[in-house]
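**Q**
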Amino acid sequence: RVVGPDASPAVEVPSSEFVQGRATVTLNYFRAGAVRISAELASGRGGKNIRSTSNPVEILPGALHDFNLTAPVQARAGTPFRLTMSARDAFGNVITDYSRVGGGVNIHSSGIGEVQPTQISASGFINGIAQVDLRTYAAERIVLTAGERFGSASGKSGQIRIDAGPLSHFLVSVAPKVFAGEPFPVRVEAQDIHYNIIRDFSVPGRIRIRTSGPGKITPGDLSSADFSDGVAVIPATVTSSGMQEILVEP
């Protein structure tokens, strides 16, 4: 039997398998690492067991089968997050010499935004494991896929929620023509520097609304409570006519 973690039960070898005192036995073992082979005769001379153990045998990983990806469940747009990736054989053993035998990995995102960097060279793996800081700029839910360059091995991460960054500006949308003194809808989006809507937008105090013209706009402010999923739609009126802009300022 193999003496090592998760070893299979011992294989019984009948005496008929021995030819001139020797027998050949096939053993299966699926964990990479150093093990020993032990043989034991249950009833030897004087009723005592006879046991013999081999020198250490190094079990090497098999051929590349897949990549195991570990990433955080949540990250922020534009901010690096750590991806840990291991090259494995079909039995989950890490291929420790992947930097020598591997071809490198391409990384893809399931979302609309690209992740950077998009490639990891084989030399980026240390003892079969690579750690890389990735960055993406779109706020969305994504799954990362790693695929062997010039090969078929691949692996996927769990779902990652990319949240918007801190408030950078407001995007204000209004009809190109409205009438002075009559209500019209104003749509206000809270966005980060990458133009993602900040779905959990919240700031203390009031947010000022003004017009670039000589007249007055009502209401003159709004609060975080007016936003739902990062967007506020409010009825507004202006007192003056003419070409002018609606400005929203934190």
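Convert by adding 1202 to the 1-based position in the sequence shown; the result is the number in my numbering. Every residue, glycine too, gets a C-beta built ideally from N, C-alpha and C. Keep in mind the model is a prediction, meaning the values are calculated, not measured.
Just list the residues that DSSP pairs I1419 with in beta bridges.
**A** Looking at the DSSP assignment, I1419 forms a beta bridge with V1440.
**Q** For M1445, which option in A1434, P1378 and Y1231 has the closest C-alpha, if you only look at C-alpha atoms?
**A** For M1445, the nearest C-alpha among the options comes from P1378.
**Q** May I have the straight-line CA-CA distance separating T1347 from S1288, to the nearest angstrom?
**A** Computed Cα separation, rounded: 13 Å.
**Q** To which residues of the same chain is D1268 closer than 7 Å at the C-beta, ignoring the five residues directly before and after it?
**A** Answer for D1268: R1290, A1355, S1356 and G1357, listed in chain order.
**Q** Output the distance between the C-alpha atoms of E1260 and V1221, rounded to the nearest integer angstrom.
**A** Cα to Cα, the separation comes out at about 27 Å.
**Q** Could you please give the first and the last residue of the uninterrupted alpha helix (DSSP H) stretch that includes V1303?
**A** Segment Y1300 to V1303, the alpha helix (DSSP H) holding V1303.
**Q** Which same chain residues, not among the five before or five after R1302, have their C-beta less than 8 Å away from its C-beta?
**A** Here the set comprises A1324.
**Q** How is E1260 classed by DSSP in three states: helix, strand or coil?
**A** DSSP places E1260 in strand when its eight states are reduced to three.
**Q** Run through the DSSP bridge pairs and tell me what L1318 is partnered with.
**A** With the sequence shown as reference, residue 1318 is identified as Gln, and Leu is not the correct amino acid for it. Q1318 pairs with R1337.
**Q** Taking a contact to mean a Cβ-Cβ separation below 8 Å, would you say G1206 touches Y1231 in this structure?
**A** The answer is yes: Cβ separation under 8 Å.
**Q** G1407 by DSSP, collapsed to three states: which one?
**A** Coil at G1407, not helix or strand.
**Q** Distance, Cα to Cα, L1373 vs F1327?
**A** Looking at the two C-alpha atoms, the distance is approximately 43 Å.
**Q** Contact between the segment 1376-1390 and the segment 1293-1302 is defined here as three or more beta-carbon pairs at a separation below 8 Å; is this criterion met?
**A** Counting Cβ pairs under 8 Å, fewer than three are found: no touch.
**Q** With contact counted as at least three CB pairs below 8 Å, one residue from each stretch, are the segment 1432-1447 and the segment 1412-1424 in contact?
**A** Result yes; three or more Cβ-Cβ pairs closer than 8 Å.
**Q** Take N1456 and list the residues in its own chain whose beta-carbon comes closer than 6 Å to its own, dropping the five residues that flank it on each side.
**A** In the structure as shown, the chain begins at 1203 and stops at 1452. Residue 1456 is therefore absent and cannot be evaluated.
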